[in-house]
Amino acid sequence: MRNHTGKKPFTCQQCGKSFSRKGTLNRHMGIHTGEKPFSCQQCGKSFMHKIDLERHMRIHTGESPFTCQQCGKFFTCKSGLERHMKIHTGESPFTCQRCGKSFTEKGTLNRHMRIHTGEKPFSCQLCRKSFTHKIDLERHMRIHTGEKPYTCCQCGKSFCQLGNLRVHMRIHNRENPFICHQCGRRFNHKGSINRHMRTHTGERPYICPHCGKSFNQQGNLKVHMEIHTRAMDHPV
Numbered sequence: 001m002r003n004h005t006g007k008k009p010f011t012c013q014q015c016g017k018s019f020s021r022k023g024t025l026n027r028h029m030g031i032h033t034g035e036k037p038f039s040c041q042q043c044g045k046s047f048m049h050k051i052d053l054e055r056h057m058r059i060h061t062g063e064s065p066f067t068c069q070q071c072g073k074f075f076t077c078k079s080g081l082e083r084h085m086k087i088h089t090g091e092s093p094f095t096c097q098r099c100g101k102s103f104t105e106k107g108t109l110n111r112h113m114r115i116h117t118g119e120k121p122f123s124c125q126l127c128r129k130s131f132t133h134k135i136d137l138e139r140h141m142r143i144h145t146g147e148k149p150y151t152c153c154q155c156g157k158s159f160c161q162l163g164n165l166r167v168h169m170r171i172h173n174r175e176n177p178f179i180c181h182q183c184g185r186r187f188n189h190k191g192s193i194n195r196h197m198r199t200h201t202g203e204r205p206y207i208c209p210h211c212g213k214s215f216n217q218q219g220n221l222k223v224h225m226e227i228h229t230r231a232m233d234h235p236v
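Numbering (UniProt numbering), first residue to last: 1 to 236.
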């Protein structure tokens, strides 16, 4: 039963915060104890609350149950959809006093302010590299740990970033959303169509520093560079 009287009889003895239900107080206590009893069986990440584990599991399963009715975009959690909806409503009540840019969330404004202040509060304890945002540090840490928490539910292949899993899923779903407007050929990610477009434009951005020969693919330059490497290893 919810407490509709507004009374909050359950008080945290460590910080003084009060709650209307004992269960809410018990969950809150995890902040102080550091206890995280709910563990992901796929990647080992632990959470204080069951609901957080359930949301996290959608990363592995690819489940995105919350759909935007205006553009069809999917989200793994309700709060993500609610933040996204402000794009359609145009609501941006939080404004940067330095550059005038507006944001839908106060937290986003706070993170944006680090661009102006140069603050990088999140530091890697292994290599001392610092980051503006916590999520960037978390992604970086996977370089050291080798962690690949995003697993394809169809073939089991794992990835260190969610975006890479989403691109990979297009292989299984046979999605090819990127279309070449010159020849009609379709591709499953942007990098592929960018490389393909060079066949039409003739662009060759990869230049050999030894002889100046240029290539339209980075891989072709690497193969070519082996010629110079062999020549230096075995001079005539």
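Quick reminder that beta carbons are idealized off the backbone N, C-alpha and C, glycines included. A quick note: this is a predicted structure, and the numbers were derived from the prediction, not measured.
Rounded C-alpha distance that separates residue i from residue j
{"i": "C40", "j": "S158", "result": "15 Å"}
{"i": "Q217", "j": "M141", "result": "30 Å"}
{"i": "N188", "j": "R195", "result": "12 Å"}
{"i": "M29", "j": "F10", "result": "12 Å"}
{"i": "S102", "j": "T108", "result": "9 Å"}
{"i": "M225", "j": "C208", "result": "7 Å"}
{"i": "H210", "j": "R198", "result": "23 Å"}
{"i": "G156", "j": "T95", "result": "43 Å"}
{"i": "F215", "j": "G202", "result": "10 Å"}
{"i": "S20", "j": "N164", "result": "43 Å"}
{"i": "Q161", "j": "K7", "result": "44 Å"}
{"i": "K22", "j": "T89", "result": "38 Å"}
{"i": "K45", "j": "C183", "result": "46 Å"}
{"i": "G43", "j": "H32", "result": "The sequence given here has Cys at residue 43, not Gly. Rounded to whole angstroms, C43 to H32 spans 24 Å at the Cα level."}
{"i": "S79", "j": "G72", "result": "16 Å"}
{"i": "residue 240", "j": "H228", "result": "The question about residue 240 has no answer here: the residues shown for the chain are numbered 1 through 236."}
{"i": "K179", "j": "A231", "result": "It is worth fixing the name first, because residue 179 is Ile in this sequence and not Lys. Cα to Cα, I179 sits roughly 42 Å from A231."}
For residue i, three-class secondary structure by DSSP
{"i": "R186", "result": "strand"}
{"i": "S192", "result": "helix"}
{"i": "T11", "result": "strand"}
{"i": "S214", "result": "strand"}
{"i": "residue 243", "result": "Outside the displayed span of the chain (1 to 236) sits residue 243, for which this structure offers no information."}
{"i": "T145", "result": "helix"}
{"i": "S64", "result": "coil"}
{"i": "T151", "result": "strand"}
Nearest candidate by alpha-carbon position, reference residue i, set the options
{"i": "M48", "options": "P37, M57, R58 and H56", "result": "P37"}
{"i": "E54", "options": "Y206, Q70, C77 and R185", "result": "C77"}
{"i": "L126", "options": "I143, T117, G16 and H116", "result": "I143"}
{"i": "M57", "options": "R166, T229 and P149", "result": "P149"}
{"i": "K86", "options": "C99, R98, C96 and K106", "result": "K106"}
{"i": "H168", "options": "E147, I179, T145 and S192", "result": "S192"}
{"i": "residue 237", "options": "Q13, T104 and H133", "result": "Residue 237 lies beyond the range of the chain shown here (1 to 236); nothing can be said about it."}
{"i": "H60", "options": "Q154, C124, C183 and G212", "result": "Q154"}
{"i": "T151", "options": "Q13, P205, R166 and S64", "result": "R166"}
Sheet register partners of residue i (DSSP bridge)
{"i": "S46", "result": "S39"}
{"i": "T24", "result": "None, per the DSSP bridge assignment."}
{"i": "S102", "result": "T95"}
{"i": "S18", "result": "T11"}
With 16 other Cβ atoms within 10 Å as the buried cut-off, status of residue i
{"i": "H172", "result": "exposed"}
{"i": "H181", "result": "exposed"}
{"i": "G62", "result": "buried"}
{"i": "T104", "result": "buried"}
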